[in-house]
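Just so we're aligned: the sequence shown equals residues 0 to 218 in numbering that gives the first Met the number 0. We put the beta carbon where it would ideally sit given N, CA and C, even for glycine. See below for the structure under consideration.
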Amino acid sequence: MSSHWDGIGFTSQRTRERLIQRLRTMGIHDGRVLEAMLNVPRHTFVDEALSSRAYEDTALPIGHNQTISQPYIVARMTEALLAGRALGRVLEVGSGSGYQTAILAALVEEVYSVERIEPLLKLARRRLQDLGYRNFRFKLSDGGWGWPEHGPYDGIIVTAAAAELPEALCEQLAPQARLVIPVAQGQQQQLQLITRGEDGYRREVLETVNFVPLVRDGY
Ligand code: SAH
């Protein structure tokens, strides 16, 4: 099976289109987001043993007790971040497999992504390079601090659940920029959308979600 994944089988165009159809019925309407979800090959972001499941709408393990997010959640967060606009600089906290990074790289000018587990970061970087993206930078670090050197950002996306809203991230938002972040609420997690306004921040709750925790290394 060498020409394996193209044309036939689980990662074929038809399988991908079925996923996009599902995302539509679940309420994703932004055409640019749907197009990026169709074009970015999610099967290259998971272990080969799992690639037959890459276009199911489910989170999958990526090692180190971490997961690649469910496609619906990636689409939902990306759509909320963009809000139909063109964005310049975006910060991602929690690169993981690099899948969300690639979706962002397809849609915005520059992506800065921070990850605290080195082997994951190295793999993610290689995957984006192999796919031909050039508009991204990764850093090994505790993302709770953000990446202030490149801020302020037109959008920030956090792909692990924070115990509370990290102030440093709010401060790195440009005016009118949005932060999309899962925040723990008791036993549950809420996906929150924070918008930086003229005189403070506006908070909306989007939905209940289930992310791995945002680890606090020392902030
Ligand atoms: N966006 C990823 C999802 C990865 S899961 C994807 O599409 O695959 C969340 C990731 O956040 C994990 O890789 C985890 O190591 C990372 N993470 C958790 N706490 C972190 C922190 N404080 N700083 C940076 N990365 C963190």
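For this session: For the alpha helix (DSSP H) containing glycine 93, list its first residue and its last residue.
Result: Per DSSP, glycine 93 belongs to no alpha helix (DSSP H) and is neither H nor E.
Problem set entry | Own chain, CB closer than 7 Å to proline 212, minus 5 neighbours either side, in chain order | Ala159 and Ala160
For this session: Kindly examine the ligand SAH and report whether one of its heavy atoms sits closer than 6 Å to the Cβ of valine 211.
Result: yes
Exercise. Quick one: does glycine 185 have its CB under 7 Å from some CB of chain C?
Worked result: Among the chains in the structure shown there is no chain C, since it carries only a single protein chain.
For this session: List the residues that DSSP assigns as beta-bridge partners of tyrosine 111.
Result: Leu90 and Arg136
For this session: Determine the burial state of valine 214: buried for a count of at least 16 other Cβ atoms within 10 Å of its Cβ, exposed for fewer.
Result: exposed
For this session: Tell me whether alanine 221 counts as near the ligand SAH, meaning its Cβ is closer than 6 Å to at least one heavy atom of that ligand.
Result: A query on residue 221 cannot be resolved here, the shown segment of the chain reaching from 0 to 218 and no further.
Exercise. Short check: CB of serine 96 to CB of phenylalanine 137, under 7 Å?
Worked result: no
Problem set entry | Rounded straight-line distance, which links the Cα of arginine 126 to that of isoleucine 102 | 12 Å
Exercise. What did DSSP end up calling valine 32 once you bin it into helix, strand or coil?
Worked result: Under the three-state reduction of DSSP, valine 32 is assigned to helix.
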